[in-house]
Each structure stands twice: as structure tokens, then as C-alpha cells.
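The next block holds one structure in the form of C-alpha cells; read it before the comments.
Protein chains in written order, with our numbering: chain X, 15 to 481; chain Y, 858 to 1122.
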């Protein structure tokens, strides 16, 4: 076990000297706010919330923490879904929200340089003004880029572009002893030795604190269109996903929505979608640099859908109509939260196993008598099963929820899948890690953690347990 | 009306933005690089036409005046479910203001088919005048109702509809034929489907020239346009909001009222 030091008044004064008294808080409001993310995990309040503005300040704070063995939990906008930013051992909640400048958009190298507190939606807005795109697009647009990097977030454009990891070219990070390192750079290629950058990405703040990131951009395709396709059966919709790809169309987004999700979005937004009477829907995003290119791919995708049992395909080709459909897709997590207490599994399976996963998840829902709405990024194999109590008696809920999560994870693993496609393990899913990767790999990960953080002060208790 | 309603929907192709860019010197719209779409207000008109056809039978013809590329807007209307499309296109029509436009549309309609109902959108997103509908009715010599938010019934050569004014809703009756301008409250326009678009691709767009109309050359295009554009600018958007003071309870009540007013909830 690791012993941690106490956060004394003396240490607090040192922290205040670094960032200013106004950026060190232990008011109950702040402690409460920084105790949670958007997962169902119970709150874990820190002892103090510290809000640095510069890398050097981060470094100074962490040096003190290292000296005093005080746990440090880096936080962005706390929109995570796995409890990754919960300060489970108290200590310092290192909130990077003030480090929110887009430092540069380099049009010659197609890279953006950002601070970790920049919100994903702000980066999208700024890059799009220049005709550029930062493809990762997690549903939670108020998430911070530091958080996105720490969980290796994905989003709706995963199937064509990949995930956050594929776009992080360089990082400035503060190690657990306070030392500042720079890994990678404005580089498209880098074969020099071990890729420390890839260790830090997705490490949920357990290895280092990201203080600056160099992100790769792509030219934004000039034209987009969306297809909204009702299907007569969930199975037909699910089977269509890999068939579209087999026919050499690569949509930038391919989302699966069961009827339950469509009705929930309509209720939440108080708007109607083009159709709500079929068991399942696909939302297919097509993009290209000419209208002809978009039109051709749209027709092929639509024809495949109709061949596979789609009723017809509604076509949204104006920006406004596309936004309305995206709004319905993107509100879903909030919509479900508005009506139910929900937990979720964000398994990812090979794309062609999506029909099996969805069928399995629907079966679990029936057997256990709970709502499991499986929806999302079917095109990259990453669907989210949102689990809600439904009609189940209150006293049965905790154990049933646990059992449902276990079964969903087992189904995903049996299909060659992974526990988390984009949300990370954090607190909520860490106990399943060994089941997926085995003891050998977990032990390697522990060794890496010890090499970076011998005192186990960086976000302790996350991703896996250090025995 | 044994064969159903003959409906004509007038539409316009507009640039797809709300922040329209103008050439400050010429006052002309900069259309380069901006996608062209069916005027969003006209989508409600097309939708209403299709719904009436679905209810009463008949045909929906769409009509536009514009350059040859406006054809794609007409195809979008076909894809939604309209039957035939007509495009009044001629160099002689160029530079038309609302008066010359409505004159040209009126002549086109007279040339087309007997009609029971002409539906227009309330206004366009680029011109923003809302004048073409009423002026068209004038040229056709038929009644006009604007701000229509519901067409309740069409029976025995008569129409009953409601219109939404600032302070009240009016229920009106009129005899056909008539021109109506519909508001955004009237329906929610459908999305075109892939099958509809494939049909639209193959549909012939009928073109109408000034010769076809035997139009008075002094009443069309720039010659027929009494309006001159002196200056065009995008008005400043007010950024300051209302500031309300009071107790938390009063403020909560005000916020609730405001949200309801603004149709947020």
C-alpha cells in the first residue's frame, strides 16, 4: 500500500504562492464540484482544488506533491464516463480549466497547438473557420482536449479517421516528480525509440499531466450529407453496417439507433424526426470535396440499405437539416440521463460482429428486465449500451446492474472486442481489465506505472490497481 | 374538384447561409462558393402542397424563376414529392425585383394549368421582403392570405384557414383560387428520400422563356423593376439581453416565462 502525506496549511500556502490564493480553493462548493464526473461513481472530494494557468505552475505544484507524497488528480471539464477524474485518495484536484488557449493553428504543417483545458467544441469552431478539421468528435463537446487525450476519446468520425491517438503528434507533459518533458512534435513521422507519447495518451492521467498538445488537422471536406434510414428489423440495420463498407463506401459516420433512442431524443428535444415507427435506424454521414462525389457515395450507401431491408433513406443535404439530425444523435446521453439513472458499457467489437453484440445486448435486457439501449458508432464497432432501471424494483437494481455490465463485457470479449472503445476504464471498469488482457499484460502496465510514478501520486486508483 | 386540387408552389433558390455576403460596391449577392438550396421558408410551402395532395388528391406543380442552375431547387421539390416542375429562365428576366418577379410568375401560372391554390413561402432568406406572394395574387387577380399557419379544410371550391398575427389568430374563409403565403408554424417539412431523389433526377424540368409568356419587355427583368437597391448591409445583431431584477422566486418565474415565450420549452 502507498502512504500519502497530509495537505497541511503550510503546503496550502505554498500552492497559493504558485497560482495565487484565488486559484486555490477548499470551499465545499468547489470540493463537491471537483469530486465527480458524469459517471455513476459516488463522489470523491479532493482536499483542495488548484487551478494553474501555466506549465511552470503545474510543474511547481507537482514538485510539492512529490515531495510531500500528496495525490494529484488532473481534471479537465469532468465530463468523463468512467470516474477517471475522481480524486479517490483526496489530495489535489489539479483543474486545468484555465489553461484553455489555442496557442497556434499552423496551416503549413496542418497542426494545432493547444492547452489541455481547450474544449473540443472551441477547437472545432476555430479550425473550421480555416477550412480545417480536427476529426475526433466525442459526443460530449464540452469535454476538454486534455481529457480527450487522457481517455483516447473517439466519437462519431472514428470509422473514417480513427481516434484521438491518431491525431496527437506531440505532447508537453509534467512527470510525477515535476519535471517537464516534450515528446513528439510537429512531426508526421517519428520512429525514434519507444513511443512515450503513446503511453501517455489514454493513460487517464496516471503517468503524467498533459500541459500542451500538438494535434494533427486535416482539410475539411467541402460537402457533407446525412442519410437517416429506417429498418424493419434491428438485425437488418446491424448487418448493413459492414455491408456498406464491403461495398467500398467509407462514411465519416455510421451510427446505429434503436427506436427507443429515437423516441427518447424526440421527447427530450420536443421535436420530431423524419420517422419514429421502425425498430432500428442507421444515420450515415457522407462527405467529399465535390457534390458529385457525395451524391455517388450517398446513392450507393442508400441502395445498400434498401437492399438489406431499409425502408427508404431520408436524405439531409442542407447544413440545417443535418444539424437537426446530429442534434438528435448527440443529445442521447443527456436525454437518457434526464429520464433515467443510467450506467453504460462502451464496448468495441470488430465491425462485422456488431449484429451479434446488439443481439446479445438486447437479449440481456430482456432476461434481466432492464432497459438496455444499445446505440452509437456502429461503423467503428463501438456501440454504447445505456443501461437504465426501467421497471425493475429498486432493491434489485445494484446487483442486476452489475450483472448486466458483466454480461455485456463478456459478450464483447467473446466477439474479440474490448471493454472500452473510447471512455476509458477509470474507476468504473478497471476490475474487468485482467479478464480482457490477462495478468501478464497488467503486470507490464504496473511496471510502466512504477517507472513513471514510483510514489503512485498521479491519479492513484485508476485504470488498474497497483498491488 | 372531382380530380383533386391543382396546387402550384412557388419557390426560390437561395444561398445556404444566414450571413449573406454582399459586394459593397455593386450591392449584389456574392454567390460564389456558397451552396444553393431551396429557400427554407419555401420548404414549408412545398410540404403543405404535398400534404394537401395526399389529403385531397390532385397535383403539385412547382414553379421558380431564376437562372438555369435553379433547376436543382426544383428537383429537390420533386424529390420531396411534387409532381411537375417549371423554371422561368431567360436573360430578359434577370435583375428583377419583387414586382417584376411576381409579374413573371403570374404570367407563367396563367400559362400553366388551371389552378386552385398557389402556395408561397412567407419570405426568402436572401431578399427577406415577403412581397412576392401578395404581389403575385394581385397580378393573378385573386385573393391572398399571408402568415397562414393552418389550412383547415378545402371543400366545395372554398378554403378555410387560419393565420397567425402578432396578437391573435384569425380564421378566414375564401373562395378558390387563392394565393397563400405560409408561415413556419404550418408544418414540419419532410426530408426527401433516396427513392424520391432518384425519381427527381429523371424528371424533366419544363422551362419557360419570355417568348413563351409573350411578356411585355418593359414589365420583366430590370426594366420592369421600380425598386433600386441603394445599399445592402447585414443589420447588427443585438447582443445585450434583458436584465431583470428581483427575488430568486420572481426571477425563476421570469426565466420560465421567457423560455416558454421563446419556445425553448
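Beta carbons are placed, not taken as given, at the ideal position from N, Cα and C, and that holds for glycine.
Query raised in the report: How about residue 441 of chain X and residue 177 of chain X: do their beta carbons lie closer than 8 Å?
Result: By one-based count along the first chain, residue 441 of chain X stands at place 427. By one-based count along the first chain, residue 177 of chain X stands at place 163. No, these two residues do not count as a Cβ contact at 8 Å.
Query raised in the report: Does the pairing of the stretch 377-392 of chain X with the stretch 80-94 of chain X give three or more beta-carbon distances under 8 Å?
Result: no
Query raised in the report: Can you list, in chain order, the residues of the stretch 1098-1122 of chain Y whose Cβ is nearer than 8 Å to any Cβ on chain X?
Result: 1122
**Report entry** Distance CB(residue 1123 of chain Y)-CB(residue 931 of chain Y) smaller than 8 Å
**Finding:** Nothing in the structure corresponds to residue 1123 of chain Y, since chain Y is present only between 858 and 1122.
Requested in this report: Determine which residues share a DSSP beta bridge with residue 391 of chain X and list them.
Outcome: Numbered from its first residue, the first chain carries residue 391 of chain X at position 377. Bridge partners of residue 391 of chain X: X:396.
Query raised in the report: Taking the Cβ atom as the reference point for each residue, do residue 295 of chain X and residue 276 of chain X lie within a distance shorter than 8 Å?
Result: The residue you call residue 295 of chain X lines up with position 281 of the first chain. The residue you call residue 276 of chain X lines up with position 262 of the first chain. Contact flag set, yes.
Query raised in the report: Which class does residue 925 of chain Y belong to by DSSP, given the choice of helix, strand or coil?
Result: For this step, residue 925 of chain Y is matched to residue 68 along the second chain. Residue 925 of chain Y falls in the helix class under three-state DSSP.
Report task. Identify each residue in the stretch 1034-1065 of chain Y for which the Cβ-Cβ distance to at least one residue of chain X is less than 7 Å, and report them in chain order. Result -> 1045, 1047, 1048, 1049, 1050, 1051, 1052 and 1054
Query raised in the report: In terms of residues, what are the limits of the alpha helix (DSSP H) holding residue 319 of chain X?
Result: What you label residue 319 of chain X is simply residue 305 of the first chain in a count that begins at 1. First-last of the alpha helix (DSSP H) with residue 319 of chain X: 305-321.
Report task. Starting from the beta carbon of residue 894 of chain Y, find every residue of chain X whose beta carbon is closer than 9 Å, and list them in chain order. Result -> Here the question's residue 894 of chain Y lines up with position 37 in the second chain. The contacting residues are 331, 332, 333 and 334.
Requested in this report: Decide if residue 478 of chain X is buried, meaning its Cβ has at least 16 other Cβ atoms within 10 Å, or exposed.
Outcome: In the first chain, the residue the question calls residue 478 of chain X occupies position 464. When all chains shown are included, residue 478 of chain X counts as buried.
Query raised in the report: Residues in its own chain within less than 7 Å of residue 897 of chain Y by CB, not counting five upstream and five downstream?
Result: Start at 1 with the first residue of the second chain, and residue 897 of chain Y comes out as number 40. If we look at residue 897 of chain Y and ignore the five residues flanking it on each side, its Cβ neighbours are 982.
**Report entry** CB contact flag (residue 363 of chain X, residue 245 of chain X, <8 Å)
**Finding:** Residue numbering aside, residue 363 of chain X sits at position 349 when the first chain is read from its first letter. Residue numbering aside, residue 245 of chain X sits at position 231 when the first chain is read from its first letter. No, Cβ-Cβ distance for residue 363 of chain X and residue 245 of chain X is not below 8 Å.
Query raised in the report: So the alpha helix (DSSP H) residue 965 of chain Y belongs to, where does it begin and stop?
Result: Here residue 965 of chain Y corresponds to residue number 108 of the second chain, with the count starting at 1. Here the alpha helix (DSSP H) through residue 965 of chain Y covers 955-968.
Query raised in the report: Which residue spans inside the stretch 1046-1100 of chain Y form an unbroken beta strand (DSSP E) run of at least 3?
Result: 1062-1065
**Report entry** Nearest-angstrom Cβ-Cβ length linking residue 1046 of chain Y and residue 913 of chain Y, presumed shorter than 8 Å
**Finding:** In the second chain, counting from the first residue as 1, residue 1046 of chain Y sits at position 189. In the second chain, counting from the first residue as 1, residue 913 of chain Y sits at position 56. Going by Cβ atoms, the distance from residue 1046 of chain Y to residue 913 of chain Y rounds to 19 Å, so no, they are not a contact pair.
**Report entry** Whole-number beta carbon distance between residue 368 of chain X and residue 255 of chain X, since they are thought to touch under 8 Å
**Finding:** For the purposes of this step, residue 255 of chain X is identified with residue 241 of the first chain, where counting begins at 1. For the purposes of this step, residue 368 of chain X is identified with residue 354 of the first chain, where counting begins at 1. Contact holds; Cβ gap of about 5 Å.
Query raised in the report: Which chain Y residues sit within Cβ distance under 9 Å of residue 242 of chain X?
Result: Position 228 of the first chain, counting from 1, holds the residue named residue 242 of chain X. Result: 1048.
Report task. Output yes if chain Y places a C-beta closer than 8 Å to the C-beta of residue 405 of chain X; else output no. Result -> What you label residue 405 of chain X is simply residue 391 of the first chain in a count that begins at 1. No, residue 405 of chain X lies away from the interface with chain Y (no Cβ there is under 8 Å from its Cβ).
Report task. Count the CB pairs spanning the stretch 48-63 of chain X and the stretch 393-407 of chain X that are closer than 8 Å, and state whether there are at least three. Result -> no
Query raised in the report: Which of the residues in the stretch 896-914 of chain Y, read from start to end, lie with their CB under 8 Å from any CB of chain X?
Result: 897
**Report entry** Residue nearest to residue 267 of chain X in terms of C-alpha spacing, selected from X:411, X:151 and X:225
**Finding:** Working through the first chain from its first residue, we reach residue 267 of chain X at position 253. Residue X:151 is the option with its Cα nearest to residue 267 of chain X.
**Report entry** DSSP bridge partner residues for residue 868 of chain Y (one or two, in chain order)
**Finding:** Position 11 of the second chain, counted from the first residue, corresponds to residue 868 of chain Y. For residue 868 of chain Y, which the question treats as bridged, DSSP gives the partners Y:921.
**Report entry** Burial state of residue 859 of chain Y, where buried means 16 or more other Cβ atoms lie within 10 Å
**Finding:** The residue you call residue 859 of chain Y lines up with position 2 of the second chain. Annotation note: pLDDT 49 at residue 859 of chain Y (below 50); position unreliable, no value reported.
Requested in this report: Using a Cβ-Cβ cut-off of less than 7 Å, give me the residues of the stretch 273-305 of chain X that come near chain Y, in sequence order.
Outcome: 286 and 288
Query raised in the report: Opposite residue 863 of chain Y in the DSSP bridges: which residues?
Result: Locating residue 863 of chain Y in the second chain gives position 6, counting from the first residue. Partner(s): Y:916.
Query raised in the report: For residue 873 of chain Y, does the three-state DSSP call read helix, strand or coil?
Result: The count along the second chain starts at 1 and reaches residue 873 of chain Y at position 16. It is coil, neither helix nor strand.
Query raised in the report: Which partner residues does residue 897 of chain Y have in the DSSP bridge list?
Result: As a working note, residue 897 of chain Y is residue 40 in the second chain. Beta-bridge pairing links residue 897 of chain Y to no other residue.
Query raised in the report: Is it true that the CB of residue 165 of chain X sits closer than 8 Å to the CB of residue 438 of chain X?
Result: Taking the first residue of the first chain as position 1, residue 438 of chain X is located at position 424. Taking the first residue of the first chain as position 1, residue 165 of chain X is located at position 151. Result yes, Cβ atoms of residue 438 of chain X and residue 165 of chain X sit closer than 8 Å.
Query raised in the report: Over what stretch of residues does the alpha helix (DSSP H) that includes residue 162 of chain X continue unbroken?
Result: By 1-based counting over the first chain, the position of residue 162 of chain X is 148. First-last of the alpha helix (DSSP H) with residue 162 of chain X: 159-165.
Query raised in the report: With contact counted as at least three CB pairs below 8 Å, one residue from each stretch, are the stretch 942-958 of chain Y and the stretch 1070-1090 of chain Y in contact?
Result: yes
**Report entry** the stretch 932-948 of chain Y / the stretch 1052-1062 of chain Y touching (three or more Cβ pairs under 8 Å)
**Finding:** yes
Query raised in the report: Any heavy atom of the ligand SAH within a distance shorter than 7 Å of the CB on residue 924 of chain Y?
Result: This structure lacks the ligand SAH, and indeed carries no ligand of any kind.
**Report entry** Contacts that residue 142 of chain X makes with chain Y (C-beta to C-beta distance below 9 Å)
**Finding:** Here residue 142 of chain X corresponds to residue number 128 of the first chain, with the count starting at 1. Simply none; closest approach about 14 Å.
Requested in this report: Decide yes or no for the touch test of the stretch 1027-1046 of chain Y against the stretch 992-1001 of chain Y: beta carbon pairs closer than 8 Å, at least 3 of them.
Outcome: yes
Report task. In angstroms with no decimal places, state the Cα-to-Cα distance between residue 175 of chain X and residue 297 of chain X. Result -> Within the first chain, the letter at position 161 stands for residue 175 of chain X. Within the first chain, the letter at position 283 stands for residue 297 of chain X. Distance between the alpha carbons of residue 175 of chain X and residue 297 of chain X is about 17 Å.
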